[in-house]
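Q:
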Amino acid sequence: MDKRKAAARSLIVLGCLIVLAGSAIHLLLAYPKVSAALASSNLEGKLPGALRSVFFMIALTWTALAAITLIATFSKASFSKPIVLFCGFTLLAMVPAWVSMMGWFVGNEMFVAAGALVVGGGALLRSRHSI
1 MDKRKAAARS
11 LIVLGCLIVL
21 AGSAIHLLLA
31 YPKVSAALAS
41 SNLEGKLPGA
51 LRSVFFMIAL
61 TWTALAAITL
71 IATFSKASFS
81 KPIVLFCGFT
91 LLAMVPAWVS
101 MMGWFVGNEM
111 FVAAGALVVG
121 GGALLRSRHS
131 I
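Numbering (our numbering), first residue to last: 1 to 131.
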């Protein structure tokens, strides 16, 4: 494996590890607290369940995005570079929406770093052309 490929893979893996860490924090540390807070709130009907579902689904979405990125990174498919870049830019595209709704916090910074690492690694990947 050449140095460029190794560097690309290293950046992408590091970015994915950050995403997976963010997902784990969301699911294991924050979700139980949000769930407890919603259970004791005076929200009506199905709204507490819907809010818990959204909180849970975003963590699963991040996990799926990291998994897709890693599979594309280590596959021999000719379209892996566009998939990795798409996933990296998707991570970066999420951040402005979060900032506009919640302001800056450490989670946003984690995902900016992860997205930048994935995009940077994706840019270093060589395009593979099928014969």
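Just so it is clear, CB atoms sit at the ideal spot from N, CA and C, and this is done for glycine as well.
Since we're looking at a predicted model, the values are computed, not measured.
1) How about LEU27 and ALA59: are their beta carbons less than 9 Å apart?
2) Beta carbon of GLY121, beta carbon of LEU11: below 9 Å?
3) If you draw a straight line from the C-alpha of ALA77 to the C-alpha of SER41, how long is it?
4) Count the other CB atoms within 10 Å of the CB of PHE111; is the residue buried (16 or more) or exposed (fewer)?
5) Any contact between the segment 100-116 and the segment 73-92? By contact I mean 3 or more CB pairs, one from each, below 8 Å.
A: Looking at the coordinates:
1) yes
2) yes
3) 49 Å
4) buried
5) yes
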